[in-house]
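In what follows, a single structure is set out as structure tokens and then discussed.
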Amino acid sequence: MTQNLAIVAPSVNWGHLAPARAIELHKPGEGELLIKVVATAQNPVDAFHADTGWIVPFYPNVPGYDGAGTVAAVGAGVSGFAVHYRVAWMRPSGENGYGTYQQYCLAKVSGTVHLPSTLSLDDAATLPLAYFTAAVGVYTLLGVPLPLDEAGKVAPVVAGEWFLVWGANSPAGAAAVQLAKAAGFQVIATSNQENFAYVKSLGTDVILDYDDLDVVDKIQAIASLSLAFDAISQPSTSAACIAVLSSAGAAGKLAVVRPLSGTAPDNVAVQHVLARDADPFSPGHEHELEGLTRLWQALVSEGRLRPYPVHAMPLGLNSVDKGIELQKREQVRAQTLVYHPQFTQG
Ligand SMILES: NC(=O)c1ccc[n+]([C@@H]2O[C@H](COP(=O)([O-])OP(=O)(O)OC[C@H]3O[C@@H](n4cnc5c(N)ncnc54)[C@H](OP(=O)(O)O)[C@@H]3O)[C@@H](O)[C@H]2O)c1
1 MTQNLAIVAP
11 SVNWGHLAPA
21 RAIELHKPGE
31 GELLIKVVAT
41 AQNPVDAFHA
51 DTGWIVPFYP
61 NVPGYDGAGT
71 VAAVGAGVSG
81 FAVHYRVAWM
91 RPSGENGYGT
101 YQQYCLAKVS
111 GTVHLPSTLS
121 LDDAATLPLA
131 YFTAAVGVYT
141 LLGVPLPLDE
151 AGKVAPVVAG
161 EWFLVWGANS
171 PAGAAAVQLA
181 KAAGFQVIAT
191 SNQENFAYVK
201 SLGTDVILDY
211 DDLDVVDKIQ
221 AIASLSLAFD
231 AISQPSTSAA
241 CIAVLSSAGA
251 AGKLAVVRPL
261 SGTAPDNVAV
271 QHVLARDADP
281 FSPGHEHELE
291 GLTRLWQALV
301 SEGRLRPYPV
311 HAMPLGLNSV
321 DKGIELQKRE
331 QVRAQTLVYH
341 PQFTQG
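Residue numbers (UniProt numbering): 1 to 346.
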């Protein structure tokens, strides 16, 4: 029998997660794939889980949201995927079989994309949660139509309009820039100065330093904005986005990745992205998930979604405690930590 080593959080107080331990090998159900996880990425939310457990619905729990690997088995009713296909996917909510911090995990076909040979599995593992966070914000909450033509190719849906991304140097912010560009917007992005070259390489039209005290005035002088994505969503960053949008006069919309702690004037609607366990992976959102997956596939196939810089961790999944510690100390900057489950020793 094939071994399946997994990181398992036993209870709310996780303590140390390593070493990985052997768990059952899952069987794919209807519309599901069993995937050999070659690369899985760490997200800030893993450090929150480790601290508080507030978001984890049950224990014992196999963490991990982002995966890239090869299909090991297909469930009933699956078409378009076969054993050995290279894929990336976002973890759906639900049981431990879906956690990506294991050697073999389950994925739903909707939420999974094929990878071109030009995209490495390490690079692909940086995309899922960043893509879905930005996509739910830009398309579902801000109401931008999906930029897809009838042939399923990426095609712009607006022209001459501006879009603001606050914190384009983060994974979600970098994805938001690329999604807004794919839709045809001109993008103003804020970033730290250190990452200006990276943010520019994403296609950003205007980049401003988010630590510049005059940054809001500078944005207002360039364009009148009605749409913004705040990829950091600290009180000060959301307040800055709201100041930009409210000054434009017309109704503005802001998507935030963390709940808003202040208030917004009546002409700015603020909406909170929930890319993980709620939209678009919950019942009733199948149509939304299918559309966002189609767009993700088109962007990846056309090479229009650049991965975030990777920092590969040693020892397979057994360096997870080190990775979470780095995240808690805010030492994961301008890179995504990637683990290789197949190199894990039990
Ligand atoms: N709602 C959802 O569904 C969802 C999904 C995914 C992520 N998130 C949240 O979205 C946020 C971004 O996640 P991510 O993975 O894209 O990025 P990340 O790894 O958290 O990176 C954030 C970057 O933003 C910059 N930053 C600037 N000001 C900051 C501040 N006041 N506090 C913290 N960071 C600041 C930091 O750069 P410098 O400090 O180096 O300038 C940092 O590198 C996180 O809070 C995450 O928990 C939410």
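Just so you know, even glycine gets a beta-carbon here, dropped at the ideal spot from N, CA and C.
Asked: beta-carbon Arg258 near ligand 1 non-hydrogen atom, thresh 7 Å; Found: yes
Asked: Per DSSP, the bridge partner or partners of residue 353; Found: Examination of residue 353 is not possible in this model, given that the chain is present from 1 through 346 alone.
Asked: Cut-off 7 Å between Cβ atoms - residues of its own chain near Pro44, not counting five sequence neighbours on either side; Found: Gln327
Asked: Start-end ranges of the alpha helix (DSSP H) lying completely within the stretch 273-308, minimum 4 residues; Found: 286-301
Asked: Contacts around residue 350, its chain only, beta-carbon distance under 8 Å, and the 5 residues preceding and following it disregarded; Found: This structure gives no information on residue 350, because the portion of the chain shown stretches from 1 to 346.
Asked: C-beta contact flag for Asn4 and Tyr85 at 8 Å; Found: no
Asked: Ile219, enclosing alpha helix (DSSP H) - first and last residue; Found: Val215 to Ile222
Asked: Element boundaries [beta strand (DSSP E), containing residue 353]; Found: Residue 353 falls outside the range modelled here, since the chain spans only 1 to 346, and no answer is possible.
Asked: Contact check, Gly67 vs Val37, beta carbons under 8 Å; Found: yes
Asked: Pick from Ala9, Pro92 and Thr70 that is closest to Val83, judged by C-alpha positions; Found: Thr70
Asked: Leu121 versus Val244, Leu25, Tyr308 and Asp46, residue with shortest Cα-Cα distance; Found: Tyr308
Asked: Beta-carbon spacing of Gly252, Val273 below 8 Å; Found: no
Asked: Ser93 versus Leu213 - alpha carbon distance; Found: 41 Å
Asked: Under the three-state DSSP convention, the category Tyr104 falls into; Found: strand
Asked: 8 Å contact criterion, which Ala155 and Leu148 should meet: CB distance rounded; Found: 6 Å
Asked: Pick from Leu305, Glu286, Gly167 and Tyr65 that is closest to Gln193, judged by C-alpha positions; Found: Gly167
Asked: Contact check, Ala298 vs Val338, beta carbons under 8 Å; Found: no
Asked: Integer Cβ distance of Ala9 from Pro60, believed to fall under 8 Å; Found: 6 Å
Asked: 7 Å CB neighbourhood of Thr100 in its chain, flanking five on each side removed; Found: Val37, Thr40, Gly64, Tyr65, Asp66, Gly67 and Arg91
Asked: Spatial neighbours of Leu289 in its chain, beta-carbon cut-off 8 Å, leaving aside the 5 residues before and after; Found: Ser110, Gly111, Pro280 and Phe281
Asked: Burial state of Glu286, where buried means 16 or more other Cβ atoms lie within 10 Å; Found: exposed
Asked: Outcome for Thr344 when other beta-carbon atoms lying within 10 angstroms are tallied against a minimum of 16; Found: buried
Asked: Beta-carbon gap between Ser191 and Asn169 smaller than 8 Å; Found: yes
Asked: Ala248 versus Asp46: straight-line alpha-carbon distance, rounded; Found: 37 Å
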